[in-house]
Amino acid sequence: MATKASRSAARVMMAPAVILLLGWMLVPLIMTLWFSVRTYLPLRGGDLGFAGIDNYIRFLTSSAFWPAVVATLTIVVGALLITVVFGVLLAILLDQPMWGQGIVRILVIAPFFVMPTVSGLVWKNMFLDSVNGLFAHVFKFFGATPVEWMIDKPFFSIILIVSWQWLPFATLILLTAIQSLDSEQLEAAEMDGAPPLKRFWFITIPHLSRAITVVLLIETIFLLSIFAEIFVTTAGAFGTKTLTYLIFQRVLESQNVGLGSAGGVYAIILANIVAFFLMRIVGKNLDA
Amino acid sequence: MGRITLDKVTKSFGATEVIPPLDLTIEDGEFAVFVGPSGCGKSTLLRLIAGLEDVTSGTIRIDGEDATMVPPAKRGLAMVFQSYALYPHMSVRKNIAFPLRMAKMAQDEIDRRVQGAASVLNLTDYLDRRPGQLSGGQRQRVAIGRAIVREPAAFLFDEPLSNLDAALRVGMRLEISELHKRLATTMIYVTHDQVEAMTMADKIVVLRAGHIEQVGSPLELYREPRNLFVAGFIGSPKMNFIEGAEAAKHGAHTIGIRPEHIAVSESEGAWSGRVGVSEHLGSDTFFHIHDTGLAETITVRADGEVGFRHGDRIHLTPRDDVVHKFDAKGLRIA
Numbered sequence: 001m002a003t004k005a006s007r008s009a010a011r012v013m014m015a016p017a018v019i020l021l022l023g024w025m026l027v028p029l030i031m032t033l034w035f036s037v038r039t040y041l042p043l044r045g046g047d048l049g050f051a052g053i054d055n056y057i058r059f060l061t062s063s064a065f066w067p068a069v070v071a072t073l074t075i076v077v078g079a080l081l082i083t084v085v086f087g088v089l090l091a092i093l094l095d096q097p098m099w100g101q102g103i104v105r106i107l108v109i110a111p112f113f114v115m116p117t118v119s120g121l122v123w124k125n126m127f128l129d130s131v132n133g134l135f136a137h138v139f140k141f142f143g144a145t146p147v148e149w150m151i152d153k154p155f156f157s158i159i160l161i162v163s164w165q166w167l168p169f170a171t172l173i174l175l176t177a178i179q180s181l182d183s184e185q186l187e188a189a190e191m192d193g194a195p196p197l198k199r200f201w202f203i204t205i206p207h208l209s210r211a212i213t214v215v216l217l218i219e220t221i222f223l224l225s226i227f228a229e230i231f232v233t234t235a236g237a238f239g240t241k242t243l244t245y246l247i248f249q250r251v252l253e254s255q256n257v258g259l260g261s262a263g264g265v266y267a268i269i270l271a272n273i274v275a276f277f278l279m280r281i282v283g284k285n286l287d288a
Numbered sequence: 001m002g003r004i005t006l007d008k009v010t011k012s013f014g015a016t017e018v019i020p021p022l023d024l025t026i027e028d029g030e031f032a033v034f035v036g037p038s039g040c041g042k043s044t045l046l047r048l049i050a051g052l053e054d055v056t057s058g059t060i061r062i063d064g065e066d067a068t069m070v071p072p073a074k075r076g077l078a079m080v081f082q083s084y085a086l087y088p089h090m091s092v093r094k095n096i097a098f099p100l101r102m103a104k105m106a107q108d109e110i111d112r113r114v115q116g117a118a119s120v121l122n123l124t125d126y127l128d129r130r131p132g133q134l135s136g137g138q139r140q141r142v143a144i145g146r147a148i149v150r151e152p153a154a155f156l157f158d159e160p161l162s163n164l165d166a167a168l169r170v171g172m173r174l175e176i177s178e179l180h181k182r183l184a185t186t187m188i189y190v191t192h193d194q195v196e197a198m199t200m201a202d203k204i205v206v207l208r209a210g211h212i213e214q215v216g217s218p219l220e221l222y223r224e225p226r227n228l229f230v231a232g233f234i235g236s237p238k239m240n241f242i243e244g245a246e247a248a249k250h251g252a253h254t255i256g257i258r259p260e261h262i263a264v265s266e267s268e269g270a271w272s273g274r275v276g277v278s279e280h281l282g283s284d285t286f287f288h289i290h291d292t293g294l295a296e297t298i299t300v301r302a303d304g305e306v307g308f309r310h311g312d313r314i315h316l317t318p319r320d321d322v323v324h325k326f327d328a329k330g331l332r333i334a
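For the record, the sequence lines run as chains A and B.
If you're matching positions, the first sequence starts at 1 in full-length UniProt numbering and goes up one per residue.
If you're matching positions, the second sequence starts at 1 in full-length UniProt numbering and goes up one per residue.
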């Protein structure tokens, strides 16, 4: 794209794609903003006119709002911690030469291909069920009382399910990063007198910092909006109502589109706040 | 102190024997160069000495003590890698200080040594930069700095100049030689470049397929190569080899004559041939002579001002006192 002519030609040719993408984003965003200032009750009279900021005030002052924010952040932070820590360890393990490496790597990635609804149901019914689940059988085998996972440890259960889904993603990204680590650097550190743990801490972890940043950012974006896992397991009970789930309830269960839309705008704001802090904390890894 | 002795050291990767039993002694303070074509096992040998590879059998002694099973960090050796292996996320200062930090040295002693190394290597202005912001030669110096702060018993260099451009390589070659003179520490240097070997070494070890072909000072190897391989490897341009009747005259299977030991003349000489490509270096000119009836090409070094043209017929006269004679097995005949 050297000349002026080719630059403007490029702009013209890219325009349809840009306009389509922009429309794709802007139309729902503007509709959400529009509905959020309307009193819109589909089964109770439809659009009942302008509501001002009533929806925003009602959503924010609802007793379910702050617990929902806390629940969202708990799940996001929990899943991030587990996937990054175990992702690094698994990536190092998979980087070791071993027999059947190709098959093992494919198997490790497999959970990523399972749909969230399916994995939620499988975990709920086959692993965490207090009568028939695998964990219950193990507990009974050792003479312990099976835990009612979904009731007693709802957050732990959901974080477990979500982490299981996202661990492959983290492992995959971190594995490719680890493979690009120059082995001479590790050997140099070995000659310099760094034992294995220090080599891991001073050489491997800094090398992975950029990949970890990418994992954190991408996972945060997706984890802030998890829905299916909660819908099929606790259905928002036992304090696991996230912001996304709360909006779903407002729109579909209470049939209040205006209130739900206001919640949607809060969700956008929350996502931006989280993204801002995340970029501040880890963003310096992305430049240089 | 840094006297390194290898006693019947072997190395195999699976069923492949890379280093057959090998004995070698490197004296304290010596600059030893391992040289050989790629894949001759010279880097493997260096890594065995460093401890980055385990020997299959045999003993490595450093200052008389058995170091065969000692981990690399405890051998008191420092290594400079081909890729420099600097830690990219650390500043130059932290890179150089890293081995001292690992040794849990006091901070003021670390600072003192880093400053010392930096001033020796002209890195004082770059201490707070990252390796990514340095040129190739500066990175090389940081890698050397990281090695010298440890005050090791010996330095190991694994083809340290192969990533530099030609001009810088000559400069770094001098700097490393200078450093060796100043520190008087044992250095082992691996290279495939015979010019580096000739210019830097006290002792050259020529390797082929894991075997030591010859050990000696640069001039010993140049004057009395023990076999055809060493004769062909040491010296630039390569020695000319002549077989057949001309060799039989000297009572040998093959004779070798270096390009610089052949006189050229327009009118008279022992051999004659047609000039092929001439390489003009200014100070010297290398002529590739064809159709001599002796070998496919004979390379001759002449003065830079000698101006034969492509296709000219010229006459060659070897200096009889520096003709190298080899038997049918390729070994030198004394």
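Every residue gets a Cβ at the ideal spot worked out from N, C-alpha and C, and that includes glycine.
Distance cut-off 7 Å: residue i Cβ against heavy atoms of the ligand SAM
i	result
E279 of chain B	Because no ligand of any kind appears in the structure shown, any question about the ligand SAM cannot be addressed here.
Delimiting residues of the beta strand (DSSP E) encompassing residue i
i	result
L41 of chain A	38 to 41
N240 of chain B	240 to 243
A85 of chain B	Careful: A85 of chain B lies outside any beta strand (DSSP E) and carries neither H nor E.
V215 of chain B	211 to 216
L6 of chain B	4 to 13
A302 of chain B	298 to 303
Y189 of chain B	186 to 191
K325 of chain B	324 to 326
V80 of chain B	77 to 80
P21 of chain B	16 to 26
R101 of chain B	Looking at the DSSP string, R101 of chain B is not in any beta strand (DSSP E); the run it does join, the alpha helix (DSSP H), is 92 to 102.
H315 of chain B	313 to 318
Rounded distance between the beta-carbons of residue j and residue i, thought under 8 Å
i	j	result
A270 of chain B	L221 of chain B	Contact doesn't hold; Cβ gap of about 27 Å is too wide.
L174 of chain A	A211 of chain A	5 Å
F287 of chain B	F308 of chain B	6 Å
F31 of chain B	L207 of chain B	Not really, about 17 Å apart at Cβ, beyond 8 Å.
A295 of chain B	I242 of chain B	5 Å
I298 of chain B	N240 of chain B	5 Å
F50 of chain A	V70 of chain A	Not really, about 32 Å apart at Cβ, beyond 8 Å.
I203 of chain A	Q179 of chain A	Going by Cβ atoms, the distance from I203 of chain A to Q179 of chain A rounds to 14 Å, so no, they are not a contact pair.
H192 of chain B	P37 of chain B	6 Å
Whether residue i touches residue j by CB criterion (8 Å)
i	j	result
G41 of chain B	I60 of chain B	no
P160 of chain B	Q82 of chain B	yes
I75 of chain A	L223 of chain A	yes
F35 of chain A	G258 of chain A	yes
V323 of chain B	I257 of chain B	yes
K325 of chain B	I255 of chain B	yes
residue 374 of chain B	N95 of chain B	Shown here, chain B extends from 1 to 334; a query on residue 374 of chain B therefore has no answer.
L121 of chain A	V232 of chain A	yes
L156 of chain B	L45 of chain B	no
G260 of chain A	I268 of chain A	no
L77 of chain B	A143 of chain B	no
R146 of chain B	E224 of chain B	no
M79 of chain B	A188 of chain A	yes
S172 of chain A	V88 of chain A	The question names Ser, but residue 172 of chain A in the sequence shown is Leu. No.
A79 of chain A	S163 of chain A	yes
Proximal chain B residues relative to residue i, where beta-carbon distance stays under 7 Å
i	result
E184 of chain A	F81, S83, A85
I218 of chain A	The premise fails here: I218 of chain A is roughly 22 Å from chain B at the closest Cβ pair, so nothing lies under 7 Å.
I203 of chain A	Y87
Proximal residues of chain B, C-beta to C-beta of residue i below 8 Å
i	result
A194 of chain A	A73, F98, M102
K198 of chain A	M102
I269 of chain A	The premise fails here: I269 of chain A is roughly 34 Å from chain B at the closest Cβ pair, so nothing lies under 8 Å.
Contacts of residue i in chain A (Cβ-Cβ under 9 Å)
i	result
V52 of chain B	Correcting the residue identity first, residue 52 of chain B is Leu in this sequence and not Val. Neighbours of L52 of chain B on chain A, chain order: E187, E190, M191.
A78 of chain B	M191, D192
Where the alpha helix (DSSP H) containing residue i begins and where it ends
i	result
H137 of chain A	134 to 141
G276 of chain B	Counting along the chain, G276 of chain B falls outside any alpha helix (DSSP H), though it belongs to the beta strand (DSSP E) covering 271 to 280.
G137 of chain B	136 to 148
E190 of chain A	183 to 191
F222 of chain A	205 to 223
Contacts of residue i in chain A (Cβ-Cβ under 7 Å)
i	result
H89 of chain B	P206
Residue i at chain C interface by Cβ criterion, 8 Å
i	result
G210 of chain B	Looking for chain C here will not work: the only protein chains present are A and B.
The stretch 45 to 56 of chain B touching the stretch 7 to 15 of chain B, judged by at least three CB pairs closer than 8 Å: yes
Sufficient close CB pairs (3 or more, under 8 Å) joining the stretch 239 to 252 of chain A to the stretch 105 to 114 of chain A: no
Inter-stretch contact (C-beta, 8 Å, three-pair minimum) for the stretch 45 to 53 of chain B and the stretch 62 to 72 of chain B: The answer is yes - the stretch 62 to 72 of chain B touches the stretch 45 to 53 of chain B, with three or more Cβ pairs under 8 Å.
The stretch 121 to 137 of chain A in contact with the stretch 148 to 163 of chain A per 3-pair CB rule at 8 Å: Verdict: yes, contact present.
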